[in-house]
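*Asks:* Residue numbers (my numbering), protein chains in the order written: chain Z, 24 to 569; chain E, 8 to 282.
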Amino acid sequence: MTAQEIRLCGLLLQEHFGEVVEKVGTHLLRRGAQNLRTIVQETNLSVNLVKKCLCVLVQHGACCFTSGRKGPGSPTEYRACSDRILRVLRYPRYIYTAKTLYGDTGELIIEELLQRGHMTMSGTVKTVADRLTQNMEEGHSMDYSEVSSAFSKLVETHFLQRCPPVGGAGTSGTTAPAAAPAAAATPAAAVSVAPPTPESFPECYSVPHVSLIGRGKRQLVPENGEDQRNAKRAKMDTETHGDEGIHWQVNFERFHQHFRDQAIISAVANKLDQTSSEIVRTILRMSEVTTSATAACTKPLSANEVFRSLPASYNIPRHILDQYLTLLVDDPMEFVGKTGESGGGMFVVNLHRALANLARATVESIVQERFGSRSARIFRLLLRKRHLEQKQVEDFAMIPAKEAKDMLYTLLSHNLVQLQEIPKTPDFAPSRTFYLYTVNQLPTARMLLQNCYKTVANLIERRLFETKENKRLLEKSQRIEAILASLQASGAEPEQLSEVEEMISAPEKQQLDVLKLHVNKLDSAENQVDETIFILESYVSSTSTS
Amino acid sequence: MPHLEPQQRAMALNKLLSLGQLDLLRNNSGLLYRLKDTQSASKMKGSDNQEKLVYQIIEDAGNKGIWSRDIRFKSNLPLTEINKILKNLESKKLIKAVKSVAASKKKVYMLYNLQPDRTVTGGAWYSDQDFESEFVEVLNQQCFKFLQSKAEAARDGKQSPMVQRNSSFATSHEVWKYICELGISKVDLSMDDIETILNTLIYDGKVEMTVIAAKEGTVGSVDGQMKLYRGVNAILQPTGLVKTPCGLCPVFHDCHEGGEISPSSCIYMSEWLDF
Numbered sequence: 024m025t026a027q028e029i030r031l032c033g034l035l036l037q038e039h040f041g042e043v044v045e046k047v048g049t050h051l052l053r054r055g056a057q058n059l060r061t062i063v064q065e066t067n068l069s070v071n072l073v074k075k076c077l078c079v080l081v082q083h084g085a086c087c088f089t090s091g092r093k094g095p096g097s098p099t100e101y102r103a104c105s106d107r108i109l110r111v112l113r114y115p116r117y118i119y120t121a122k123t124l125y126g127d128t129g130e131l132i133i134e135e136l137l138q139r140g141h142m143t144m145s146g147t148v149k150t151v152a153d154r155l156t157q158n159m160e161e162g163h164s165m166d167y168s169e170v171s172s173a174f175s176k177l178v179e180t181h182f183l184q185r186c187p188p189v190g191g192a193g194t195s196g197t198t199a200p201a202a203a204p205a206a207a208a209t210p211a212a213a214v215s216v217a218p219p220t221p222e223s224f225p226e227c228y229s230v231p232h233v234s235l236i237g238r239g240k241r242q243l244v245p246e247n248g249e250d251q252r253n254a255k256r257a258k259m260d261t262e263t264h265g266d267e268g269i270h271w272q273v274n275f276e277r278f279h280q281h282f283r284d285q286a287i288i289s290a291v292a293n294k295l296d297q298t299s300s301e302i303v304r305t306i307l308r309m310s311e312v313t314t315s316a317t318a319a320c321t322k323p324l325s326a327n328e329v330f331r332s333l334p335a336s337y338n339i340p341r342h343i344l345d346q347y348l349t350l351l352v353d354d355p356m357e358f359v360g361k362t363g364e365s366g367g368g369m370f371v372v373n374l375h376r377a378l379a380n381l382a383r384a385t386v387e388s389i390v391q392e393r394f395g396s397r398s399a400r401i402f403r404l405l406l407r408k409r410h411l412e413q414k415q416v417e418d419f420a421m422i423p424a425k426e427a428k429d430m431l432y433t434l435l436s437h438n439l440v441q442l443q444e445i446p447k448t449p450d451f452a453p454s455r456t457f458y459l460y461t462v463n464q465l466p467t468a469r470m471l472l473q474n475c476y477k478t479v480a481n482l483i484e485r486r487l488f489e490t491k492e493n494k495r496l497l498e499k500s501q502r503i504e505a506i507l508a509s510l511q512a513s514g515a516e517p518e519q520l521s522e523v524e525e526m527i528s529a530p531e532k533q534q535l536d537v538l539k540l541h542v543n544k545l546d547s548a549e550n551q552v553d554e555t556i557f558i559l560e561s562y563v564s565s566t567s568t569s
Numbered sequence: 008m009p010h011l012e013p014q015q016r017a018m019a020l021n022k023l024l025s026l027g028q029l030d031l032l033r034n035n036s037g038l039l040y041r042l043k044d045t046q047s048a049s050k051m052k053g054s055d056n057q058e059k060l061v062y063q064i065i066e067d068a069g070n071k072g073i074w075s076r077d078i079r080f081k082s083n084l085p086l087t088e089i090n091k092i093l094k095n096l097e098s099k100k101l102i103k104a105v106k107s108v109a110a111s112k113k114k115v116y117m118l119y120n121l122q123p124d125r126t127v128t129g130g131a132w133y134s135d136q137d138f139e140s141e142f143v144e145v146l147n148q149q150c151f152k153f154l155q156s157k158a159e160a161a162r163d164g165k166q167s168p169m170v171q172r173n174s175s176f177a178t179s180h181e182v183w184k185y186i187c188e189l190g191i192s193k194v195d196l197s198m199d200d201i202e203t204i205l206n207t208l209i210y211d212g213k214v215e216m217t218v219i220a221a222k223e224g225t226v227g228s229v230d231g232q233m234k235l236y237r238g239v240n241a242i243l244q245p246t247g248l249v250k251t252p253c254g255l256c257p258v259f260h261d262c263h264e265g266g267e268i269s270p271s272s273c274i275y276m277s278e279w280l281d282f
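1. Name, going along the chain, the residues of the stretch 539-551 of chain Z whose beta-carbon falls closer than 7 Å to a beta-carbon of chain E.
2. Which of the residues in the stretch 226-258 of chain E, read from start to end, lie with their CB under 7 Å from any CB of chain Z?
3. Using a Cβ-Cβ distance under 7 Å, would P423 of chain Z count as near chain E?
4. For Q346 of chain Z and chain E, any beta-carbon pair shorter than 7 Å?
5. Do we get a CB-CB distance below 7 Å when we pair L154 of chain E with the residues of chain Z?
6. Can you name the start and end residues of the beta strand (DSSP E) that C87 of chain Z belongs to?
7. In the DSSP output, what is V371 of chain Z paired with across the bridge?
8. Which whole-angstrom value is the C-beta distance of L378 of chain Z and V462 of chain Z, which I expect to be below 8 Å?
9. By a C-beta neighbour count over all protein chains shown, 10 Å radius and 16 as the cutoff for buried, is T149 of chain Z buried or exposed?
10. So what's L115 of chain E in DSSP terms, helix, strand or just coil?
11. If I measure Cβ to Cβ from E357 of chain Z and keep anything under 7 Å in the same chain, skipping five residues before and after, which residues do I get?
12. When you compare only the Cα positions, how much space is there between V170 of chain Z and T251 of chain E?
13. Which residues in the same chain have their Cβ closer than 8 Å to the Cβ of I29 of chain Z, if we skip the five residues on either side of it in sequence?
14. Using 10 angstroms around the beta-carbon of R172 of chain E, count the other beta-carbons present and answer buried if the total reaches 16, otherwise exposed.
15. Please report the straight-line C-alpha distance between E554 of chain Z and A399 of chain Z, rounded to a whole angstrom.
16. What are the start and end residues of each continuous alpha helix (DSSP H) run of 4 or more residues lying completely inside the stretch 279-359 of chain Z, in chain order?
17. What does M169 of chain E reach in chain Z if we use C-beta pairs closer than 8 Å?
18. The ligand ATP and E159 of chain E: does any heavy atom of the ligand fall closer than 6 Å to the residue's C-beta?
19. Measuring CB to CB, does C570 of chain Z end up less than 7 Å from V111 of chain Z?
20. Could you give the first and the last residue of the continuous beta strand (DSSP E) run that contains E444 of chain Z?
21. So L80 of chain Z packs on A103 of chain Z, CB below 8 Å; how close in whole Å?
22. Cβ of M276 of chain E less than 7 Å from any chain Z Cβ?
23. List the DSSP bridge partners of W74 of chain E.
24. Give the straight-line distance between the Cα atoms of S75 of chain E and G190 of chain E, rounded to the nearest whole angstrom.
25. Quick one: does S140 of chain E have its CB under 7 Å from some CB of chain Z?
26. Which residues does DSSP list as the beta-bridge partners of I102 of chain E?
27. Terminal residues of the continuous alpha helix (DSSP H) containing I29 of chain Z?
28. In chain order, what residues of the same chain have a beta carbon less than 6 Å from the beta carbon of Q391 of chain Z, not counting five sequence neighbours either side?
29. When we look at the beta-carbon of P13 of chain E and count the other beta-carbons within 10 Å, is it buried (16 or more) or exposed?
30. How is the alpha helix (DSSP H) around R185 of chain Z delimited, first residue to last?
31. Alpha carbon to alpha carbon, what distance is there between L86 of chain E and K22 of chain E?
32. According to DSSP, is F457 of chain Z part of a helix, a strand, or is it coil?
33. When DSSP labels each residue in this structure, what does N380 of chain Z get in the three-state scheme?
34. In this structure, how does DSSP classify T555 of chain Z when only helix, strand and coil are distinguished?
35. Which first and last residues belong to the alpha helix (DSSP H) in which K234 of chain E is found?
36. What are the start and end residues of each continuous alpha helix (DSSP H) run of 4 or more residues lying completely inside the stretch 483-521 of chain Z, in chain order?
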């Protein structure tokens, strides 16, 4: 839990859940596991507020609770996990992926679940159907069955999973009844210290039988006051559908696998050609659900199976496929490996090695953009040859001595390159020691990951600053829009509308446009840095498990 | 020479040695004598023993040359004497001084008509002790263009992938021939030189290399192996972090909220946003 991570988590919590939750969340991140009384004392908030914050955090999986350290009788302790909070940054990417794979229905399902944390299937289906109906034309509405089928498809491919049921042995913890919707999980003391993973339950991916017949309801034009109240509170449905207590959450690991597969496929497409990437895509698709998230390589697949599962549009004859597979295996990047000869050859995709190569390419590109292509040459040279003296660096890289020295020292000052001293004599006399330059990929990747977190936090802060600067203007434009909308709804004349529109002057409109442009740019930059974060994080976590 | 007695032989040999007509050498079984050809014998006429000694040391150093301090160690003569002798020999045009590329102040001495070795002058990349970086750059780009066009030609050929890949490879010999024919180099380049250039391309990430076994006697093979080079594309686009100003910021580590340099007041960000 580095300082940069905590800063970024604080900013994300503040944006998505508000200041109070942010206060509690950062406090928990800084101090580790604490019980309720300590939190209340140290954050100077009321007990009820703290309870509500903890509920929100638990609902979203950012906080987990365990029985106290002092034995079964002590109060429960709450611990926040920064990983889960950092995922918030990636929500847009998850939603976009769901949209590309499963269309608008899938997109809305994932969006609802991300917003609510946990939800039952029936609740999700109804909400999504209502939302879809809103956007359709008059007289059409969305059938529940369509949404249910999309939901089932998501579960089949493991993008959604059931929340693990919490153990029900004696309650020593105290948590207020949830204000958030449908949280039937009353937190009780868990039996084991570590929270059970969702996958340890056999029914993780089985869709319950739910009787959902009906269509989405279109929301009527609301009365002002009533709508405000209803928006915050979820509609407590009085019907039951047979799936009470079964809550679903988004399976982030599966999405990460998908992103990783996409990165590998695009790397193969860049390096070799389109057909090779299609072959790799087929292999990865066939091993989607059989490979665990931390496996080093996919399960071996025979060439026959690959041939049969190739998409029909790729009509390549069998011997050409064999040639492509041989080329993939021989490639120095080692994305694909051959593990046996049966069935025409057994092939695997080396996931960890592919991640290492992608991380290496990322680090190299960062060095290249930041310091120039000659420094990048030195960096790559050191990555390949491990340890080199200064003279050897100059010779291999064909760079004049003075410039090479300069570049090496710059890289050294930024900690991208390390110096290893090998003494000839027991006293490390400088004239009698070898000084070797070296690059370690893993610590460098970690360091750049922290830099990425700091960058994202900077971008968020800049965005908040920009909106704060122009707060007055934004509020004015919001007021005018609200007036316009109400006038239009009550059927006003065009003159009144244009009169209202003129309340904003042209320069102010321009300023608003500029502000919108800035905010969009900062947002998209956050997403781009998140891609880098994803590759570096996957690489670091893959090395820790292997 | 059986009709002479050993003592007479020894006397004659010694006289010839002192006249400088014979060279004295030693091998496992005993002493050997070699007749010096008259030309080299005449060169040293008029010089005394010390000069002859120094000359011999320099001759032994071959084409790597020898430093003045090493001459002093080997001959055990004082520094002033050495300097006088070296000046003498240089004026007689028997030896010359060559500046070493490794340490520019050091001068090594070698015989006048010898070519200095590569390690001293730095080989093809150095002209007059200066590293020719533009020359290297030009060669770099030419080799890369050659390999890239070969790879593209192979890709457009639309043949089976194996053939495609094999035809996109170029051996180091082919690249060497191409560069020689281009004629951009005033100096003759050997295949090793071209290989060092190709290695820098590998470190640039633009080229990859494989080694295959080749029959002895095929053109360009060294010890039964051939090196093949091939142009490649990068596997990743420039990553997201460098698309933001923070990724390239020179004062990244000094930036804190509320400090002199902070995200809210960052001038790089303002420029980037207005771009």
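The beta-carbon is built from N, C-alpha and C at its ideal position, and this holds for glycine as well. All figures in this text were calculated on a predicted structure; none of them were measured in a lab.
*Replies:* According to the structure shown:
1. H541, K544, A548, Q551
2. V239, N240, A241, I242, L243, P245, T246, G247, L248, V249, K250, T251, C253, G254, L255
3. In the first sequence, the residue the question calls residue 423 of chain Z occupies position 400. At least one chain E Cβ lies under 7 Å of P423 of chain Z.
4. Within the first sequence, the letter at position 323 stands for residue 346 of chain Z. Yes, contact with chain E.
5. To locate residue 154 of chain E, count along the second sequence from 1; it is residue 147. L154 of chain E does not count as touching chain Z.
6. Within the first sequence, numbered from 1, the residue matching residue 87 of chain Z stands at position 64. First-last of the beta strand (DSSP E) with C87 of chain Z: 86-89.
7. Your numbering for residue 371 of chain Z matches position 348 in the first sequence. According to DSSP, which records beta bridges pairwise, V371 of chain Z is partnered with Z:G360.
8. Here residue 378 of chain Z refers to the residue found at position 355 of the first sequence. Here residue 462 of chain Z refers to the residue found at position 439 of the first sequence. Contact doesn't hold; Cβ gap of about 18 Å is too wide.
9. Taking the first residue of the first sequence as position 1, residue 149 of chain Z is located at position 126. Note that residue 149 of chain Z is Lys in the sequence shown here, rather than Thr. The residue is buried, with at least 16 neighbouring Cβ atoms inside 10 Å.
10. As a first step, residue 115 of chain E must be located in the second sequence, where it is residue number 108. What sits at residue 115 of chain E in the sequence shown is Val, not Leu. It is a strand residue.
11. By one-based count along the first sequence, residue 357 of chain Z stands at place 334. Taken in chain order, the residues that qualify are N373, R376.
12. As a first step, residue 170 of chain Z must be located in the first sequence, where it is residue number 147. As a first step, residue 251 of chain E must be located in the second sequence, where it is residue number 244. About 39 Å.
13. Within the first sequence, the letter at position 6 stands for residue 29 of chain Z. Around I29 of chain Z: T49, L52, R53, S105.
14. On the second sequence, residue 172 of chain E is found 165 positions in, with the first residue counted as 1. R172 of chain E is buried by the Cβ-count criterion.
15. By one-based count along the first sequence, residue 554 of chain Z stands at place 531. By one-based count along the first sequence, residue 399 of chain Z stands at place 376. Their Cα atoms are separated by approximately 21 Å.
16. 297-309, 326-332, 341-353
17. Position 162 of the second sequence, counted from the start, is the residue given in the question as residue 169 of chain E. In chain order: Q346, T349, L350.
18. No copy of the ligand ATP occurs in the structure displayed, which carries no ligand at all.
19. Because residue 570 of chain Z is not part of the residues shown, which for chain Z are 24 to 569, the question remains open.
20. Reading the first sequence from its first residue, position 421 is the one you call residue 444 of chain Z. Start and end: 441-446.
21. Counting from one through the first sequence, the residue named residue 80 of chain Z turns up at place 57. Counting from one through the first sequence, the residue named residue 103 of chain Z turns up at place 80. That belief holds up - the Cβ atoms of L80 of chain Z and A103 of chain Z are roughly 7 Å apart, short of 8 Å.
22. Within the second sequence, the letter at position 269 stands for residue 276 of chain E. Yes, M276 of chain E lies at the interface with chain Z (some Cβ there is under 7 Å from its Cβ).
23. As a first step, residue 74 of chain E is located in the second sequence; it is residue number 67 there, counting from the start. In DSSP, W74 of chain E forms a bridge with E:V115.
24. Here residue 75 of chain E refers to the residue found at position 68 of the second sequence. Here residue 190 of chain E refers to the residue found at position 183 of the second sequence. Answer to the nearest angstrom: the Cα atoms are 40 Å apart.
25. The residue you call residue 140 of chain E lines up with position 133 of the second sequence. Closer than 7 Å: yes.
26. Within the second sequence, numbered from 1, the residue matching residue 102 of chain E stands at position 95. Note: I102 of chain E sits in a beta bridge opposite E:L118.
27. Along the first sequence, one-based indexing puts residue 29 of chain Z at 6. Looking at the DSSP string, the run of the alpha helix (DSSP H) that includes I29 of chain Z is 26-40.
28. As a working mapping, residue 391 of chain Z is identified with position 368 in the first sequence. Same-chain partners within the cutoff: A399.
29. Taking the first residue of the second sequence as 1, we reach residue 13 of chain E at position 6. Exposed, by the Cβ-count rule.
30. Taking the first sequence and counting its residues from 1, the one referred to as residue 185 of chain Z is at position 162. Note, R185 of chain Z: premise wrong, no alpha helix (DSSP H); beta strand (DSSP E) at 183-185.
31. Here residue 22 of chain E refers to the residue found at position 15 of the second sequence. Here residue 86 of chain E refers to the residue found at position 79 of the second sequence. K22 of chain E and L86 of chain E: Cα-Cα distance of roughly 31 Å.
32. Start at 1 with the first residue of the first sequence, and residue 457 of chain Z comes out as number 434. Looking at F457 of chain Z - three-state DSSP - the assignment turns out to be strand.
33. Within the first sequence, numbered from 1, the residue matching residue 380 of chain Z stands at position 357. Reduced to three states, the DSSP call for N380 of chain Z is helix.
34. As a first step, residue 555 of chain Z must be located in the first sequence, where it is residue number 532. Note: T555 of chain Z maps to helix in three-state DSSP.
35. Here residue 234 of chain E refers to the residue found at position 227 when the second sequence is read from its first residue. Taken as a continuous stretch (DSSP letters only), K234 of chain E belongs to no alpha helix (DSSP H), being part of the beta strand (DSSP E) at 232-238.
36. 494-512
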